[in-house]
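Numbering (the UniProt record's numbering), first residue to last: 1 to 379.
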């Protein structure tokens, strides 16, 4: 009986989790769109804050779970792997995240204060949300070619666009609400400070708002870019984040050909998944008629096995049995560049032993090493 109720509980919790992940974004989107289409958008602080918090968390989790890779790495084929490369270059991601959070901060300041802000602060919030709108629009445009065919799952690209779309809706709604509340309240207000009074006059005149917002985005972007450049980002990272990609609308790069998903040989997995500066891939090779990425460590290990097969066939069969028994299960656990790097480093002493044996027992060791995974023999 206890097991039965435990299964029922797990089923209910699983259903609730699925509803939160898939249904909640749709419900929030419809709510925000309907609110915007009303003549006078109302303040739905709980819904709006939930949209921002849940949207940020779920989008970041989804982006991470998909396991997107940059354009300079080959995609896997023959298994459940991403069908497209990352829509944002990972080395420029800090700039995108900072610009996105600037828009969110501007929105939250307006909404949580109900628009009761000084004129300069209000305009700066408008400018921040304008930056967020442009970024969200670029994100949606970038992902639009594969909006309904997905990267890993059929709907993942669509869900990746939901939060940016909601940001645009919320920002527009916040501007309408804040301006509508500001004009009647500040119509008769006269500020002693000349700058504040000038800004107050600008806010009263609706024709001046677009120009004022665009002008104020310049100092905000300047300050943000200076800080990001000091921290190692490029000045034009906001643009290159979208262009230094492949497979998407704004992409300008060409990726290497797709390769067969690694199976049976964990060093194949290491050479493909590890960081290039660590595992040092050399070229493409052929293994069981499938294209793979090879590095020197992989070639050395295979050359050593090839030598054993020639000189000590019985010993080779024993080693091959052990390798097949433990190597393939190990390869399934090498899922990140860091884990591949660790395996590569741990294998280094064994690689040196293999090289020593090859140089002791083979007349042309480098030819044997270089000839691995080629369609012809060099030795």
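Where is the CB? At the ideal position from N, CA and C, for every residue including glycine.
- Under 8 Å by Cβ, that's how I've got residue 178 and residue 122 pegged, so tell me the actual separation to the nearest angstrom. At roughly 7 Å, the Cβ-Cβ gap stays under 8 Å, so residue 178 and residue 122 are in contact.
- Relative to the C-alpha of residue 130, which residue among 46, 156, 142, 218 is closest? 218
- Quick one: what does DSSP say residue 283 is sitting in, helix, strand or coil? strand
- Query: By how many angstroms is the C-alpha of residue 276 removed from the C-alpha of residue 294?
  - Reply: Rounded to the nearest whole angstrom, the CA to CA distance from residue 294 to residue 276 is 11 Å.
- Task: With DSSP collapsed to three states, give me the class of residue 364.
- Result: coil
- Quick one: which unbroken beta strand (DSSP E) runs of 3-plus residues sit fully inside the segment 41 to 85? Chain order, please. none
- Message: Nearest by alpha-carbon distance to residue 51: which of 34, 29, 23, 62 is it?
- Response: With distances taken between CA atoms, residue 51 lies nearest to 29 out of 34, 29, 23, 62.
- Message: Strictly by DSSP, which residues pair up with residue 295?
- Response: 281
- Query: For residue 164, which residues of its own chain have a beta-carbon under 7 Å away from its beta-carbon, when the five flanking residues on both sides are left out?
  - Reply: 136, 139, 140.
- Message: Counting C-beta neighbours from all protein chains within 10 Å, is the total for residue 251 16 or more, i.e. buried, or is it exposed?
- Response: buried
- Whole angstroms is fine: what's the gap from residue 167's alpha carbon to residue 104's? 8 Å
- Task: Would you tell me roughly how many angstroms separate the C-alpha atoms of residue 90 and residue 229, rounded to the nearest one?
- Result: 16 Å
- Is there contact here, the segment 225 to 242 with the segment 59 to 67, by at least three beta-carbon pairs under 8 Å? no
- Task: Inspect the beta-carbon positions of residue 92 and residue 71 and report whether they are closer than 8 Å.
- Result: Not a contact, by the Cβ cut-off of 8 Å.
- Query: Taking DSSP as the reference, what is the three-state secondary structure of residue 290?
  - Reply: strand
- Query: Just curious, the alpha helix (DSSP H) that residue 341 is in, first and last residue?
  - Reply: Looking at the DSSP string, the run of the alpha helix (DSSP H) that includes residue 341 is 337 to 346.
- Message: Using CA atoms only, rank isn't needed, just tell me which of 31, 118, 21, 370 is closest to residue 57.
- Response: Measuring C-alpha to C-alpha distances from residue 57 to each of 31, 118, 21, 370 identifies 21 as the nearest.
- If you draw a straight line from the C-alpha of residue 299 to the C-alpha of residue 308, how long is it? 14 Å
- Query: What's the C-alpha gap between residue 24 and residue 66?
  - Reply: 20 Å
- Message: Can you tell me whether residue 113 is helix, strand or coil according to DSSP?
- Response: coil
- Query: Can you tell me where the alpha helix (DSSP H) with residue 209 in it begins and where it stops?
  - Reply: It spans 209 to 230 - the alpha helix (DSSP H) in which residue 209 sits, taken as one unbroken run.
- Query: When the distance is taken between beta carbons, is residue 173 closer than 8 Å to residue 36?
  - Reply: yes
- Exposed or buried, residue 215, counting other C-beta atoms within 10 Å across all chains shown (16 or more means buried)? exposed
- Message: Using only CA atoms, which one of 368, 306, 133 lies nearest to residue 107?
- Response: 133
- Query: Is residue 314 near the ligand ADP, with its Cβ less than 7 Å from a heavy atom?
  - Reply: Of ligands this structure carries none, so the ligand ADP is not represented either.
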